[in-house]
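Numbering (my numbering), first residue to last: 14 to 299.
In this text, a Cβ means the ideal position worked out from N, Cα and C, and glycines have one as well.
For clarity, every value in this text was computed on a predicted model and none was experimentally measured.
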Ligand SMILES: Nc1ncnc2c1ncn2[C@@H]1O[C@H](COP(=O)(O)OP(=O)(O)O)[C@@H](O)[C@H]1O
Ligand SMILES: [Mg+2]
C-alpha cells in the first residue's frame, strides 16, 4: 500500500465579506470589504478596537449569522456566499467561549465526552475513552473525576479546549478567551494552548485586545481597522514554533509590540472619534 500524505485541513479564505446590522433602520456596517487568508494549521490573531466588528466576523465563520455579501471558504468547501448567505454551524469549526459553560454538575471527563454523545456521533463508552485519552495528553488526567468547580480557572480553560477537540475540528475560534485573567495566569494559559496546539495543529482564529498575547501566540497578527472591520495590517511573526515564554523579553519581541501598537492605537483613536460622533448624532436626534 502506498502511503498518501494527508493534506493539512483547516484553511480559511475570506473574500469581500460584508455584514450590516439594521436594528430599527439604524444601519451599522460592522464588516466591509474584508478579505483574509488563513493557512491550514496557522494561528491567526485578530486585534482591533472594541466594537470594530471582530466578533461579527467570527460569528459568520462559525455559522451563527449570515453575511450580506462576500464568501468564506473552508478548504475547498464554500461555507457561505451567493445563494447561501449563512454557513451551517458544524463540528469542523468549534467556538471556545469565554468562561465556556462547562456543566457544573458533570465531572470534567463527562463534560469533555458530552458533545459527541449528545449529537449521536459516539457511543458513551467510546466517547469516554477518547475523552480520557485527550485529557491525559493535555496533562489533565488527574482531574477527570473532579467537577469544574473543584479546579482552578486555568485548568477549566484547558478542559474547555480539550472538550472542543473531541469533535476533531479543523478550526478553533476563540473570542478573547483569556480577557478576564491576570497576566500570570494568562501566561500559563498561553503555554497550555500551545502545548495542545503542537499535538493537534488545528487552525486557530483568535480574537484579542492584547498585543503581547497576539505576538507571543500567532504565526500571523491581523490588525483590523475601526468599524467597519477589515485588515489594516497583516504582520508575520518570525519567531519559530515551538515557542516558550523567554521570548517575550527579547528585544525583537519588544520592537514588534511597539511597531504594531502604533497601528492599533491609530484605529482605537478612530473608533473613539466615531463613538463620539454617533453619540452626538443620537443626542441631536433626541
Ligand atoms: N446583533 C447586533 N445588532 C446590531 N448591532 C450589532 C449587533 N452585534 C454587534 N453589533 C454592532 O456591530 C459593531 C461590531 O460589533 P462586534 O462585532 O461585537 O465588535 P467587536 O467584537 O470588534 O468588539 C458594534 O458597533 C456593535 O454595536
Ligand atoms: Mg467582540
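Comparing the CB of residue i with every heavy atom of ligand 1, is any distance shorter than 8 Å?
{"i": "residue 220", "result": "yes"}
{"i": "residue 61", "result": "yes"}
{"i": "residue 30", "result": "no"}
{"i": "residue 240", "result": "yes"}
{"i": "residue 154", "result": "no"}
{"i": "residue 129", "result": "no"}
{"i": "residue 281", "result": "no"}
{"i": "residue 70", "result": "yes"}
Can you grab the Cα-Cα spacing for the pair residue i / residue j, in whole Å?
{"i": "residue 231", "j": "residue 201", "result": "16 Å"}
{"i": "residue 161", "j": "residue 59", "result": "29 Å"}
{"i": "residue 27", "j": "residue 187", "result": "17 Å"}
{"i": "residue 270", "j": "residue 115", "result": "34 Å"}
{"i": "residue 14", "j": "residue 20", "result": "Low confidence applies to residue 14: its pLDDT is 43, below 50, so where it sits in the model is not reliable enough to give any reading."}
{"i": "residue 71", "j": "residue 167", "result": "24 Å"}
{"i": "residue 126", "j": "residue 279", "result": "45 Å"}
{"i": "residue 102", "j": "residue 264", "result": "42 Å"}
{"i": "residue 86", "j": "residue 299", "result": "43 Å"}
{"i": "residue 260", "j": "residue 141", "result": "38 Å"}
{"i": "residue 33", "j": "residue 97", "result": "16 Å"}
Indicate, with yes or no, if ligand 2 has a heavy atom lying under 8 Å from the CB of residue i.
{"i": "residue 67", "result": "yes"}
{"i": "residue 223", "result": "no"}
{"i": "residue 188", "result": "yes"}
Beta-carbon of residue i versus every beta-carbon of chain D: anything under 9 Å?
{"i": "residue 277", "result": "Within the model displayed, chain D is absent; a lone protein chain is all it includes."}
Report all residues from its chain with a CB closer than 8 Å to the CB of residue i; omit the five preceding and five following residues, and keep chain order.
{"i": "residue 136", "result": "130"}
{"i": "residue 226", "result": "58, 191, 199, 203"}
Can you name the start and end residues of the alpha helix (DSSP H) that residue i belongs to?
{"i": "residue 69", "result": "67 to 75"}
{"i": "residue 169", "result": "166 to 178"}
Which residue marks the beginning of the beta strand (DSSP E) containing residue i, and which one marks its end?
{"i": "residue 158", "result": "Segment: none, residue 158 is in no beta strand (DSSP E) and carries neither H nor E."}
{"i": "residue 119", "result": "Element bounds for residue 119: n/a, residue is neither H nor E."}
{"i": "residue 267", "result": "No beta strand (DSSP E) contains residue 267, which is instead part of the alpha helix (DSSP H) from 264 to 298."}
{"i": "residue 257", "result": "Element bounds for residue 257: n/a, residue is neither H nor E."}
Starting from the C-beta of residue i, find all residues in its chain whose C-beta is less than 7 Å away, skip the five residues before and the five after it, and write them out in chain order.
{"i": "residue 174", "result": "109, 206, 209"}
{"i": "residue 258", "result": "200, 204"}
{"i": "residue 234", "result": "58, 60, 227, 228, 248, 250, 273"}
So if DSSP puts residue i in a beta bridge, which residue, or which two residues, is it bridged to?
{"i": "residue 86", "result": "26, 91"}
{"i": "residue 252", "result": "Residue 252 is not bridged to any residue."}
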